[in-house]
Ligand code: SF4
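Numbering (my numbering), first residue to last: 7 to 350.
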């Protein structure tokens with residue numbers, strides 16, 4: 007396939023994106039969740055559930071309801087196919103295939119897996135430098151705000167203005183009906199887009215180091231990459247034999263582009279595939295930093311898990327965990343007490 011400028015572009019297959027997961031958790035309502043927050047701090051949720059790194063989608067789910075996120079790790083359940091989410095994933099794939107082929111490559115080590123991600127990022131940025139205006143499904147990673155936590159994500163779409171060199175980021179969201187998202191959904195999407203922007207800009211500014219990558223991802227940067235990956239690197243004109251030398255190229259190429267100047271969310275009607283709403287996202291680094299650090303408090307086991315506020319209690323009605331949720335029980339009891347006092 008070819009991109010919009012007719013330049014050949016391909017992408018090496020990776021299947022571990024969680025942002026558009028096609029599955030949801032179906033819970034066994036009769037079992038109580040196991041208690042996992044250990045206030046004495048022996049093991050944190052980060053070590054327990056996400057050793058190595060967090061996904062951007064972990065943080066956006068946490069933004070919706072932290073308690074729900076925790077139950078998704080701790081309440082026994084089975085993964086069932088959700089046709090609505092599957093359709094959304096298919097739409098993402100269709101769009102991705104419109105700009106490049108997906109090529110399968112043999113993987114022999116963790117270093118290979120990460121080399122593939124680096125190559126996909128590199129190819130996206132190189133496509134811009136070669137005059138392409140569009141890149142889709144761009145892997146991104148880093149340790150934002152000098153915190154010792156690594157975060158990984160996949161940007162839906164980056165647009166490159168060939169005259170000004172300005173880069174814009176757009177997140178695709180599919181919706182069953184042509185209705186505006188709720189305020190809570192808007193906030194969640196905004197957090198996602200701001201995190202992507204922060205991760206991308208940090209790479210452009212040289213804020214991500216080899217040491218941080220190697221340490222968090224437990225990679226040996228000097229380990230020789232597998233033949234399949236080396237062959238794929240060769241097709242992109244690279245003779246790198248290790249992640250160490252590939253990272254030199256990635257960092258160099260990222261330094262050649264500019265930070266993201268525009269962020270938006272595009273809402274697409276699922277049935278027709280038609281775009282019906284574009285919303286610009288105002289990026290606020292201080293707000294993002296504050297929110298991010300608050301969320302890390304949970305991941306590090308420094309504070310107890312939080313469920314939704316009373317004003318967001320409507321979220322509980324369609325939550326898979328409502329029959330086992332202790333937070334909901336406590337809040338309901340609090341409300342009942344207040345109502346009783348109010349009637350006196
Ligand atoms: Fe969160 Fe409500 Fe679900 Fe509990 S029932 S996990 S508070 S959304």
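Think of the CB as a built atom: it goes at the ideal place given N, C-alpha and C, for glycine as much as any other residue.
Asked                                                                                                                                                     : Found
Within its chain, find whatever has a CB closer than 8 Å to the CB of residue 46; leave out the 5 residues flanking it on each side and keep chain order. : In this prediction, residue 46 scores a pLDDT of 49, lower than 50, which makes its location untrustworthy; no coordinate-derived value is stated.
Do residue 216 and residue 182 have their C-beta atoms closer together than 7 Å?                                                                          : no
Mind checking who residue 269 pairs with in its DSSP beta bridge?                                                                                         : 175
Does residue 94 come out as helix, strand or coil in the three-state DSSP assignment?                                                                     : helix
Would you give the residue range spanned by the beta strand (DSSP E) that residue 143 belongs to?                                                         : 140 to 148
Between residue 246 and ligand 1, is the CB less than 6 Å from at least one heavy atom?                                                                   : no
Restricting to runs no shorter than 3 residues, where is the beta strand (DSSP E) found entirely within the segment 226 to 293?                           : 266 to 275, 281 to 286
For residue 34, count neighbouring Cβ atoms within 10 angstroms of its own Cβ and tell me buried if that reaches 16, exposed if not.                      : Residue placement at residue 34 is flagged as unreliable, the pLDDT there being 38, under the threshold of 50; a coordinate-derived value is accordingly withheld.
Can you tell me the Cβ-Cβ gap for residue 146 and residue 202, rounded? I've got them flagged as a contact below 8 Å.                                     : 6 Å
Out of 71, 118, 53, 107, which has the shortest C-alpha to C-alpha gap to residue 234?                                                                    : 118
What is the DSSP secondary structure of residue 56, counted as helix, strand or coil?                                                                     : coil
For residue 208, count neighbouring Cβ atoms within 10 angstroms of its own Cβ and tell me buried if that reaches 16, exposed if not.                     : buried
Does the segment 163 to 178 come close enough to the segment 299 to 314 that 3 or more CB-CB pairs lie under 8 Å?                                         : no
Can you tell me whether residue 341 is buried or exposed? The criterion is at least 16 other CB atoms within 10 Å of its CB, across all chains shown.     : exposed
If you measure from the CB of residue 4, is any heavy atom of ligand 1 nearer than 6 Å?                                                                   : The question about residue 4 has no answer here: the residues shown for the chain are numbered 7 through 350.
In three-state terms, what does DSSP make of residue 309?                                                                                                 : coil
Could you tell me the distance, in whole angstroms, from the CA atom of residue 269 to the CA atom of residue 288?                                        : 7 Å
Which one of 74, 179, 53, 174 has the shortest CA to CA distance from residue 273?                                                                        : 179
Tell me residue 166's beta-bridge partners as DSSP assigns them.                                                                                          : 173
In whole angstroms, what is the alpha-carbon distance linking residue 25 and residue 220?                                                                 : The predicted position of residue 25 is uncertain, since its pLDDT is 36 and thus under 50; a value taken from the coordinates is nonetheless stated next. If you take the alpha carbons of residue 25 and residue 220, they lie about 24 Å apart.
When burial is assigned at 16 or more other CB atoms within 10 Å of the CB, is residue 196 buried or exposed?                                             : buried
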